[in-house]
């Protein structure tokens, strides 16, 4: 039996229930959407001229996904902050969304006083910590979710909560065109992909297991375009944290203007890299052609690549398909690497060291 088909062996490595969190993505999304549907959002949050989203690591992923997904539909600017400072454009006509799964992420917390001074309309998303206290004391408005469908307790594995919440809030404020029916139909499709990618689907018919096997001892480079750009970011993040593997991502067509020349050297590229191409028939036709030519150039440089063709019928479905794909691939690679996918020793070490120096 292949190691990735052996649930007993998998559980010996996955002692912190990461697999369960990945399997519960649909439930995370449904819980957050339903709770926001019944949530009273403060008046005036829709009367804004820009959206600024703040978050770090796993808590930031939802912002990138939403910005990519609704790039063509958003009527006001949507920017993302990954640090201690707000952009100069933030003012009283800004919807400032703060995402911190733990509620104690120092960078977003550092921006709150800045946002207050500029009279921005603040809305926070968290499960606890200092941010929860600020919401409870009504110093900021926000939504506190109970992460019952994320037993691993890792923010990156609770992306369904932040993504579902962000979708529901922006839809309720009529800042994005998304109906509850569209959301529910996409969730039904997600259930099928979760089955296709799950442990019970054996290696021979499971694309996520095949990709994980191909990634052993390789450096993943993820390529996406348009509405799937946020998924490329998620994929790299999950490979970093779950599989403890270096990974990077590039967005097409931009990469065609520089990265192709970087394939030539060093000559070890062909032994080291595995390009993962996230392809979709929903992309602009010229971008689809660019994928084909990019693959030709990779082949000329003898660099291996894995092409995944999305099958969802619309962009939201393909976003969810991509979240399922990357979650399972990163998990299976961790299992192949014989490493606990939940642990993040160097991130924890860094935070502890920084706290001592502060």
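Residue numbers (the UniProt record's numbering): 1 to 358.
Note that CB positions come from ideal geometry on N, CA and C, so glycine has one too.
Model, not experiment: these values are computed from the prediction.
Over the uninterrupted beta strand (DSSP E) stretch that includes residue 94, give me the two end residues. Working through the chain shown from its first residue, we reach residue 94 at position 94. Residue 94 -> beta strand (DSSP E) spans 94-100.
Roughly how many whole angstroms lie between the Cα atoms of residue 277 and residue 199? Taking the chain shown and counting its residues from 1, one reaches residue 277 at position 277. Taking the chain shown and counting its residues from 1, one reaches residue 199 at position 199. Rounded to whole angstroms, residue 277 to residue 199 spans 23 Å at the Cα level.
Under 9 Å between C-beta atoms of residue 282 and residue 256: Sequence index remark: in the chain shown, residue 282 carries index 282 (1-based). Sequence index remark: in the chain shown, residue 256 carries index 256 (1-based). Their beta carbons are not under 9 Å apart, which means residue 282 does not touch residue 256 by this criterion.
Hey, out of 216, 262, 142, 227, whose CA is closest to residue 244's CA? The residue given as residue 244 occupies position 244 in the chain shown. Of the candidates 216, 262, 142, 227, the one whose C-alpha sits nearest the C-alpha of residue 244 is 216.
Determine the closest residue to residue 2 out of 249, 83, 181, 213, with distance taken between C-alpha atoms. If you number the chain shown from 1, residue 2 lands on position 2. Checked all of 249, 83, 181, 213; the closest Cα to residue 2 is 213.
Counted within 10 angstroms of its Cβ, other Cβ atoms place residue 350 as buried (16 or more) or exposed: For the purposes of this step, residue 350 is identified with residue 350 of the chain shown, where counting begins at 1. With fewer than 16 other Cβ atoms within 10 Å, it is exposed.
Would you call residue 155 buried or exposed, if buried means 16 or more other Cβ atoms sit within 10 Å of its Cβ? Counting from 1 along the chain shown, the entry for residue 155 is found at position 155. So residue 155 counts as buried.
Does the distance from the CB of residue 186 to the CB of residue 316 come in under 9 Å? Position 186 of the chain shown, counting from 1, holds the residue named residue 186. Position 316 of the chain shown, counting from 1, holds the residue named residue 316. Yes, Cβ-Cβ distance for residue 186 and residue 316 is below 9 Å.
How about residue 123 and residue 323: do their beta carbons lie closer than 9 Å? Start at 1 with the first residue of the chain shown, and residue 123 comes out as number 123. Start at 1 with the first residue of the chain shown, and residue 323 comes out as number 323. No. Outside cutoff.
Ranges of the alpha helix (DSSP H) found wholly within the segment 213-245, counting only runs of at least 4: 229-243
Are the CB atoms of residue 220 and residue 246 nearer to each other than 9 Å? For this step, residue 220 is matched to residue 220 along the chain shown. For this step, residue 246 is matched to residue 246 along the chain shown. For residue 220 and residue 246, yes; Cβs fall inside 9 Å.
Whole-angstrom distance between residue 95 and residue 44, CA atom to CA atom: As a working note, residue 44 is residue 44 in the chain shown. As a working note, residue 95 is residue 95 in the chain shown. Going by the C-alpha atoms only, they are around 10 Å apart.
Consult DSSP for residue 139 and reduce its assignment to one of helix, strand or coil. On the chain shown, position 139 is the one that residue 139 refers to. In this structure, residue 139 counts as coil in the three-state DSSP scheme.
Straight-line Cα distance separating residue 103 from residue 4: Walking along the chain shown from the start, residue 4 turns up at place 4. Walking along the chain shown from the start, residue 103 turns up at place 103. In a straight line, the C-alpha of residue 4 is about 35 Å away from that of residue 103.
If you reduce the DSSP assignment to three classes, tell me which class residue 162 lands in. Residue mapping note: residue 162 aligns to position 162 of the chain shown, counting from 1. It is helical.
Going by alpha carbons, who is nearest to residue 127 out of 113, 143, 114, 117? Taking the first residue of the chain shown as position 1, residue 127 is located at position 127. Of the listed residues, the one whose Cα sits closest to residue 127 is 143.
So, do the segment 96-116 and the segment 64-78 have three or more beta carbon pairs nearer to each other than 8 Å? no
Enclosing beta strand (DSSP E) for residue 269 [first to last residue]: Position 269 of the chain shown holds residue 269. Where residue 269 is concerned, there is no enclosing beta strand (DSSP E), although the alpha helix (DSSP H) it sits in stretches over 269-272.
Per-residue burial, residue 233 [other beta carbons within 10 Å of its own, 16 or more giving buried]: Walking along the chain shown from the start, residue 233 turns up at place 233. The residue in question, residue 233, is buried, as its Cβ has 16 or more Cβ neighbours within 10 Å.
Among 327, 333, 271, 149, whose alpha-carbon lies nearest the alpha-carbon of residue 298? Taking the chain shown and counting its residues from 1, the one referred to as residue 298 is at position 298. Comparing Cα-Cα distances from residue 298 to each of 327, 333, 271, 149, the minimum goes to 271.
For residue 168, I'd like the list of residues in its chain whose CB is within less than 6 Å of its CB, leaving aside the five on either flank, ordered along the chain. Position 168 of the chain shown, counted from the first residue, corresponds to residue 168. Within the same chain, residue 168 has close Cβ partners 33, 36.
Jot down the residue ranges of each uninterrupted alpha helix (DSSP H) in the segment 27-104, minimum 4 residues, whole runs only, in chain order. 61-69
Would you mind working out which of 57, 48, 67, 23 sits nearest residue 347, comparing C-alpha positions? On the chain shown, residue 347 is found 347 positions in, with the first residue counted as 1. When each option's Cα is compared against that of residue 347, the closest is 57.
Based on Cα-Cα distance, which residue from 11, 280, 16 lies nearest to residue 343? One-based indexing of the chain shown puts residue 343 at position 343. Comparing Cα-Cα distances from residue 343 to each of 11, 280, 16, the minimum goes to 16.
For residue 18 versus residue 237, is the C-beta distance shorter than 9 Å? Locating residue 18 in the chain shown gives position 18, where the first residue counts as 1. Locating residue 237 in the chain shown gives position 237, where the first residue counts as 1. No. Outside cutoff.
Are the beta-carbon atoms of residue 21 and residue 151 separated by less than 9 Å? Looking up residue 21 in the chain shown gives position 21. Looking up residue 151 in the chain shown gives position 151. Result yes, Cβ atoms of residue 21 and residue 151 sit closer than 9 Å.
To the nearest angstrom, report how far apart residue 97 and residue 306 are at their CA atoms. The residue you call residue 97 lines up with position 97 of the chain shown. The residue you call residue 306 lines up with position 306 of the chain shown. Using only the alpha carbons, I get a separation of about 36 Å.
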